[in-house]
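Participant:
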Amino acid sequence: MKIGQIIKKVAWDTLNGVSVGVVVALIPAVLMNLVIKALMPLWPDVGNTITFLTNIATALLPVACAVCVGMTAKLTSIQTASITLAAMGAAGNITVKNQQLVLKGSGDVINVALTIMIAYLLVLVLGKKLKAYTILLVPLLVTLVAGGIGLFLLPYVGQITTEIGIGVEHLMTLQPIVMGAVIGIVFALLIVSPISSVGIATAIGIHGVAAGSANLGITAAAFALAIYGWRVNSIGTSLAHFLGSPKMQMPNLVAHPKILLPVIVNSGLMGGLGAILKIQGTTTSAGFGFSGLVGPSVVLEQLSVTPLNCLLVIFLYIILPVGLGLLSNWLCQKRLFEAQDLALHFD
Numbered sequence: 002m003k004i005g006q007i008i009k010k011v012a013w014d015t016l017n018g019v020s021v022g023v024v025v026a027l028i029p030a031v032l033m034n035l036v037i038k039a040l041m042p043l044w045p046d047v048g049n050t051i052t053f054l055t056n057i058a059t060a061l062l063p064v065a066c067a068v069c070v071g072m073t074a075k076l077t078s079i080q081t082a083s084i085t086l087a088a089m090g091a092a093g094n095i096t097v098k099n100q101q102l103v104l105k106g107s108g109d110v111i112n113v114a115l116t117i118m119i120a121y122l123l124v125l126v127l128g129k130k131l132k133a134y135t136i137l138l139v140p141l142l143v144t145l146v147a148g149g150i151g152l153f154l155l156p157y158v159g160q161i162t163t164e165i166g167i168g169v170e171h172l173m174t175l176q177p178i179v180m181g182a183v184i185g186i187v188f189a190l191l192i193v194s195p196i197s198s199v200g201i202a203t204a205i206g207i208h209g210v211a212a213g214s215a216n217l218g219i220t221a222a223a224f225a226l227a228i229y230g231w232r233v234n235s236i237g238t239s240l241a242h243f244l245g246s247p248k249m250q251m252p253n254l255v256a257h258p259k260i261l262l263p264v265i266v267n268s269g270l271m272g273g274l275g276a277i278l279k280i281q282g283t284t285t286s287a288g289f290g291f292s293g294l295v296g297p298s299v300v301l302e303q304l305s306v307t308p309l310n311c312l313l314v315i316f317l318y319i320i321l322p323v324g325l326g327l328l329s330n331w332l333c334q335k336r337l338f339e340a341q342d343l344a345l346h347f348d
């Protein structure tokens, strides 16, 4: 395999693995957030136990990402475990305080991905050259070399991602409606790409109105793609677009990129409307959309639960995206795409 092909495979496997790992690690805390608040006054012990477990899941995001990359790449258990050690060491969520290791937060997702790529390349270079010494030297070399490089890069990557997040928030104060539309489109494109929308949202620390616009943009994309292909896909597959992730349409969108045009319009409209209405989101909720009811539950929590706010959330997260999906499907079906272009088969 040529060097270019190797780098492409490493990048592709890492992006796919990290996108799954981020969701796996973050979804327990997001889904249980409202449950925990409801349980705390009644059963504090149960609430504290759930909080402890979900916090552990969040903190082990680098581990989940590395394991998912290893499984995606079909690496050996030794190689996967070694990459995991490097990723955890360079994530930045472990600090030393009073001569003790303190684990806090999920770490820098972008630096985790970079470290995993470096570690992945290293295990490919080492291959089977070490023979009987593989179990002794691969974990050591990958942890020290890849983990060391990742640890060196951490402050620089962290500074870049922080500046990006600050820039996004600043632009939202200057042109909130335009930026809301742009953010809605960007996150809609991320959710159907190999890149993790949750990972990017977490990495740049997007929050507030920007996070709300991102979430609504993803919601618009998910419902639109479900509607465009519902004649050729099963009910379960169609529902999975917005209850799960529309990322499953990625191969079809690469083959038929024109489908993205109405998706972009819908996502821009939803993102802009979110900015007009000042819909709030969080760093964690921004990249999920409707998935797991994360978006609507966070918005409802921010607004407070009242009949009027419940109606607003239903309008924004069900009625409007479904309406835009139906309208764009009527306008673009047979002009830009056919339903068959969105067919999915999981045989």
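In the working numbering, the protein residues as written are 2 to 348.
Backbone N, C-alpha and C fix where the C-beta goes; we use that ideal spot for every residue, glycine too.
#1: Between Val255, Ile201, Lys259, which has its C-alpha nearest Thr284's C-alpha?
#2: For Ile136, collect the residues of the same chain with a Cβ closer than 7 Å to its Cβ; drop the 5 residues on either side in sequence, then sort them by chain order.
#3: Taking Ala30 as the reference, which of Leu138, Ala60, Gly18, Ile7 has the closest Cα?
#4: If I'm right that Val110 touches Val23 with Cβ under 8 Å, what's the distance once you round it to whole angstroms?
#5: How about Ile219 and Gly296: are their beta carbons less than 9 Å apart?
#6: Should Ala182 and Gly273 be called a contact, given that it needs their Cβ atoms to be closer than 9 Å?
#7: Who pairs with Leu102 in a beta bridge, going by DSSP?
#8: Leaving aside the five residues before and after Gly108 along the sequence, list all residues of the same chain whose C-beta is less than 7 Å from its C-beta, in chain order.
#9: When you compare only the Cα positions, how much space is there between Leu40 and Thr52?
#10: Considering just the uninterrupted stretch of the alpha helix (DSSP H) at His346, what are its terminal residues?
#11: On the CB-based measure, 16 or more other CB atoms within 10 Å of its CB, does Gln281 come out buried or exposed?
#12: Is the region 250 to 265 close to the region 209 to 229, with three or more CB pairs under 8 Å?
#13: Would you say Ala340 and Leu270 are within 9 Å of each other, going by their C-beta atoms?
#14: Taking the alpha helix (DSSP H) that Leu122 falls in, what are its first and last residues?
#15: Assign Val153 to buried or exposed, taking buried as 16 or more other Cβ atoms, counted over all protein chains shown, within 10 Å of its Cβ.
#16: How long is the line joining the alpha carbons of Leu244 and Asn216, rounded to whole angstroms?
#17: Between Val68 and Thr77, which are expected to be in contact by the criterion C-beta below 8 Å, what is the C-beta distance as a whole number of angstroms?
#18: Whole angstroms are fine: how far does the CA of Ile260 sit from the CA of Ala58?
#19: Tell me which residues share the same chain as Gly71 and place their Cβ nearer than 7 Å to its Cβ, disregarding the 5 neighbours each side in the sequence.
#20: Measure from the C-beta of Val25 to each C-beta in chain B and report whether the shortest distance is under 9 Å.
#21: On the DSSP bridge list, what partners appear for Gly209?
#22: Where does Gln6 sit, in a helix, a strand or coil, going by DSSP?
#23: Only counting the same chain, and skipping five residues up and downstream in sequence, which positions put a Cβ closer than 7 Å to that of Ile28?
Facilitator: This is what the structure holds:
#1: Ile201
#2: Excluding sequence positions up to five before and after Ile136, its CB lies within less than 7 Å of the CB of Ile79, all in the same chain and listed in chain order.
#3: Ala60
#4: A Cβ-Cβ distance of about 6 Å is found for the pair Val110 and Val23, placing them in contact under the 8 Å criterion.
#5: yes
#6: Yes, they are a contact pair.
#7: Val97
#8: Leu62, Pro63, Ala92, Gly93, Asn94
#9: 11 Å
#10: That residue, His346, is in no alpha helix (DSSP H); it is neither H nor E in DSSP.
#11: buried
#12: At 8 Å Cβ cutoff, the stretches touch.
#13: no
#14: 110 to 127
#15: Per the sequence presented here, residue 153 reads as Phe, with Val not at that position. So Phe153 ends up on the exposed side.
#16: For Leu244 and Asn216, the distance between alpha carbons rounds to 13 Å.
#17: The pair is not a contact, with the Cβ atoms about 13 Å apart (cut-off 8 Å).
#18: 36 Å
#19: Gln80, Thr81, Ile84
#20: The chain labelled as chain B is not found in the depicted structure, where only one protein chain is given.
#21: Gly209 is bridged to Gly282.
#22: Helix at Gln6.
#23: Taking C-beta separations shorter than 7 Å and ignoring five residues to either side along the sequence, the partners of Ile28 in its chain run Gly293, following chain order.
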